[in-house]
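Here the numbering used here is used: the first residue of the sequence shown is 37, the next is one more, and so on.
Ideal placement from N, C-alpha and C gives every residue a C-beta, glycine not left out.
What follows is a set of notes on a single structure, which appears directly below.
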Amino acid sequence: MDEVQSGGAPPIAAAPAANRWLITLAVTVGTLMGAIDTSIVNVALPHIQSSLGVTITEATWISTAYLIALVIIMPLTAWLAGVFGRKRTYMFCLGLFLVASFFCGNAATFSWLVIFRALQGIGAGALQPTEQAILRETFPLEEQGMAMALYGIAVMIGPAIGPSLGGWLTENISWRWIFFINIPIGIAGMLMVWRFVHDPPYLVRKRVRVDYVGIALLAVGLATLQTVLEQGQTNDWFSSSLIVALSVVAAVCLTGFVWWELRTLAPAVDLRLLKIPSFLAGTSIGGVLGLSLFSGMFLLPLFMQTLLGYTALQSGMALIPRTLAMMAMMPVVGVLFNRLGARKMVASGLLVAAYAGWMMSHFTTQTSLAQLIIPQIVQGVGFSLIFVALSTSSLALVPREKMTNATGMYNLVRQLGGSFGVAIFATLLEKRSQTLHAQFVVYANPYNPAFQQRIQALQTFYTHAGADVYTAHQRALATVDGIIQQQAAVLSFERLFIISVFLLALCVPMVLTLRDRVTRG
């Protein structure tokens, strides 16, 4: 008889072996598309902006609307599955995602595009938690590591390839095809889910009391929190009365949500699962992993475009080696899990990913393409080690009837970690650059011989190029200021990469609370 080592959740029944890979392929299609769409739009925003006649600030709502809807639905997936059936919920959400994709591609106005992106996010929100739960039930205990490796390929690689794919489609066809491409692939996925995926007996549809209060508090709290994270930088954070008001609403609603869910008899989200130490630790580390992954995908393209002169497409292509490293490592670490256990793998992955961050902290304006690629490959290996073992261990003691609830919370925390990471790092990058620029400008004064020599040399250069004395002097000052800004930016990126190292290192002690192995007794 199968059991989790030292007790815990009852064994998860495996589907017939002949169907495992068909089930895996069926549910992975939707998850991969949903994951890709979290980032595929970002590189197309300038094209959408000019096409629909909106400002770049307004255009960011195309991404914000999607993410708000996504994070609201994720924790409600288990409740929806309990009311409507998990297969029906998955197919409806995937169908909604495809219909919304069609209308996004055909949107004639900006307002309609934002509305359809929100609908797309609602559809995508249920896909990741549902796949993770299905794979946990489809594969036997000794293959749980491989199951989470397959899930990880979709969840971690999707956001990584999104910018590259979006850049290619936008530059070679049209920005509208970043939405249209979902349709034929998604229809194939729906047909496979309809044919091969079935709800287990313990997930029969049932009449449940609707937790209107919990759902309302969760929806408003997450919507306002995600809006603050996505729009805070644009509105200068708490100097904006709107951001302050939204932050207060988010804090009140989410605090009220936790209080209500812990006291109601039929909660929409079962927060009591966080009493399981391994699930709590794994979910917390997953949040830091999301922060590191998404902030890295934000920082690296920005570094390449602003300091190395890469185009959006070139910077997206430069991120592919990390994606390839994760793809190559996922099956390997899925096999290694049964031999090494979760603690060794997660701890090793955290240290490897931290080392990659330390390598990135040495980037300069002279960094070559090879020097950009090597740390990303190292980071891809580290993330793969973390993700597979973390996903498997976190859910090891979760009762199978609570699996969809647990996967919803797990994915929500990782997604919010990414949103927090991008918001915090974007703010720190701007503030740090401004601070360093102000410090360096102090040395640009007439009493500094080095400054005077540089100004004289540049002024002579511009004079020989045909400029008059006044114009040459102004250009020399502008050039020096540009150099100062550039160096301030380089040092700011260095500081942020070091912070990411520190955050990953802080997670290492938490590894001790993870469930080490899932074994056959």
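Residue burial classification, Tyr479 (beta-carbon count within 10 angstroms, cutoff 16)
Counting Cβ neighbours within 10 Å, Tyr479 comes out exposed, since fewer than 16 surround it.
Do you know how far the Cα of Leu310 is from the Cα of Leu550?
Their Cα atoms are separated by approximately 13 Å.
What's the C-alpha gap between Gln492 and Tyr498?
About 10 Å.
I need the DSSP call for Ile217, collapsed to helix, strand or coil.
Ile217 falls in the coil class under three-state DSSP.
Please report how far the alpha carbon of Ala302 lies from the alpha carbon of Leu527, in whole angstroms.
The C-alpha of Leu527 is placed about 51 Å away from the C-alpha of Ala302.
For Tyr446 and Gln164, what's the separation of their Cα atoms in angstroms?
C-alpha separation (whole angstroms): 10 Å.
Pair within 7 Å by beta-carbon distance, Gly454 and Phe330:
Going by C-beta atoms, Gly454 is nearer than 7 Å to Phe330.
Report, in whole angstroms, the separation of the C-beta atoms of Leu253 and Phe293, which I expect to be a contact under 8 Å.
Between Leu253 and Phe293 a beta carbon distance of about 4 Å is seen, short of the 8 Å cut, so the two are scored as contacting.
For Asp247, count the other beta carbons within 10 Å of its own beta carbon; 16 or more makes it buried, fewer makes it exposed. Which is it?
Its Cβ being crowded by 16 or more others within 10 Å, Asp247 is buried.
Could you check the C-alpha separation between Gln451 and Leu132 for me, to the nearest Å?
In a straight line, the C-alpha of Gln451 is about 21 Å away from that of Leu132.
What residue does the alpha helix (DSSP H) around Arg511 start on, and which one ends it?
Following the DSSP letters along the chain, one finds Arg511 inside the alpha helix (DSSP H) bounded by residues 505-542.
DSSP three-state assignment for Arg556, whether helix, strand or coil:
Note that Arg556 scores a pLDDT of 42, beneath 50, so its modelled location is shaky and nothing firm can be said.
Are the region 532-545 and the region 454-472 touching by the rule of at least three beta carbon pairs closer than 8 Å?
Yes: the two stretches touch, three or more of their Cβ pairs being nearer than 8 Å.
Given Ala378, which residues of its chain have a CB within under 6 Å of its CB, disregarding the five upstream and five downstream residues?
Take Ala378, set aside five residues on each side of it, and the residues of its chain with a beta-carbon closer than 6 Å to its own are Ala425, Ser429, Leu550, Asp552, in chain order.
What is the DSSP secondary structure of Val417, counted as helix, strand or coil?
Three-state result, Val417: helix.
Using a Cβ-Cβ cutoff of less than 8 Å, which residues in the same chain neighbour Pro545 once the five nearest sequence positions on both sides are dropped?
Result list for Pro545: empty, nothing under 8 Å.
Whole-angstrom distance between Arg490 and Ala503, CA atom to CA atom:
In this structure, the straight-line span from the alpha carbon of Ala503 to that of Arg490 is close to 17 Å.
With burial defined as no fewer than 16 other Cβ atoms inside 10 Å of the residue's Cβ, what is the status of Ala154: buried or exposed?
Buried.
Cα separation between Gly159 and Leu134?
The straight-line gap from Cα to Cα measures roughly 8 Å.
Please determine, among Asp517, Ala390, Leu307, Leu349, the residue with the shortest C-alpha to C-alpha distance to Leu205.
The option with the nearest alpha carbon to Leu205 is Leu349.
Should Leu421 and Met362 be called a contact, given that it needs their Cβ atoms to be closer than 7 Å?
When the beta-carbon positions are compared, Leu421 and Met362 stay at least 7 Å from each other.
According to DSSP, is Phe139 part of a helix, a strand, or is it coil?
It is helical.
Give every residue of the same chain whose Cβ lies closer than 7 Å to the Cβ of Ala524, excluding the five residues on either side of it in the sequence, and list them in chain order.
Taken in chain order, the residues that qualify are Ser469, Leu472, His473, Phe476.
Kindly indicate the opening and closing residues of the alpha helix (DSSP H) around Leu58.
In the DSSP assignment, Leu58 falls within the alpha helix (DSSP H) that extends over 53-72.
Would you tell me roughly how many angstroms separate the C-alpha atoms of Pro367 and Gln402, rounded to the nearest one?
In this structure, the alpha-carbon of Pro367 lies about 36 Å from that of Gln402.
Please name the residue in Glu167, Ser427, Asn142, Arg511 whose C-alpha comes closest to that of Gly323.
Residue Ser427 is the option with its Cα nearest to Gly323.
Just the Cα atoms here: how many angstroms apart are Arg56 and Gly225?
Between Arg56 and Gly225, the alpha-carbon positions lie close to 15 Å from each other.
Hey, out of Asn208, Arg124, Gly268, whose CA is closest to Arg231's CA?
Closest option to Arg231, Cα to Cα, is Arg124.
With Leu29 as the anchor, note down where its alpha helix (DSSP H) starts and where it stops.
Here the chain has residues from 37 to 557 only, and residue 29 is not among them.
Three-state secondary structure assigned by DSSP to Arg212:
Shown here, Arg212 sits in coil according to DSSP, grouped into three states, outside any helix or strand.
Distance between beta carbons of Thr67 and Val191, contact taken as under 8 Å
Confirmed, about 7 Å.
Which residues mark the beginning and the end of the alpha helix (DSSP H) in which Ile108 is found?
Residues 97-109.
Taking a contact to mean a Cβ-Cβ separation below 7 Å, would you say Gly250 touches Trp296 in this structure?
Contact check for Gly250 against Trp296 passes: the beta carbons are separated by less than 7 Å.
For Cys543 and Thr440, I'd like the C-alpha separation in whole angstroms.
In this structure, the alpha-carbon of Cys543 lies about 25 Å from that of Thr440.
Gly326: which of Thr91, Ile59, Ala196 sits nearest, CA to CA?
Ranking Thr91, Ile59, Ala196 by Cα distance to Gly326 puts Ala196 first.
DSSP state of Tyr446, grouped into three classes?
If DSSP states are grouped into helix, strand and coil, Tyr446 belongs with the helices.
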